[in-house]
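Heads up: the sequence shown begins at 184 in this note's numbering, then just goes up one per residue. First up is the structure itself, then whatever we jot down about it.
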Amino acid sequence: MKRVHINIVPYVAELAYLANLVRSYVQPAEMHNQSINSMAFISSRYTMQAMEIVFLIYEHIGNILSISLRPGTFKSKRRHI
């Protein structure tokens, strides 16, 4: 599983970047809710990106585990007598 951990580090770093706070720098408009609408839009975009990254992590883990479990790659630790 060390291979999985090493290969997933970049994905986790990108998820941490997407999880940072978003601040509103929008000037108040008509009903003073423009900043809330803008932040909701940004949040939805970041959520979609985060979901894509999580799916990539699952695919990556699945690929590595399927390669590890191929016939002939598993070595038994039993001694042959």
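In this text, a Cβ means the ideal position worked out from N, Cα and C, and glycines have one as well.
CB-CB under 7 Å to residue i, same chain, minus the five flanking residues each way: which ones, in chain order?
i    : result
L198 : A233 and I236
L201 : Y229, Q232 and A233
I191 : I240 and H243
T194 : Looking at the sequence itself, residue 194 is Tyr, so the reference to Thr does not match. Hits under 7 Å: I236, L239 and I240.
For the alpha helix (DSSP H) that residue i lies in, which residues bound it at each end?
i    : result
N190 : K185 to L201
Rounded to whole angstroms, what is the Cα-Cα separation between residue i and residue j?
i    : j    : result
S249 : A196 : 25 Å
R186 : F238 : 18 Å
N203 : S226 : 11 Å
G245 : F224 : 32 Å
Please list, in chain order, all residues of the same chain as residue i whose beta carbon is under 8 Å from its beta carbon, the five residues on each side excluded.
i    : result
I247 : R186, V187 and N190
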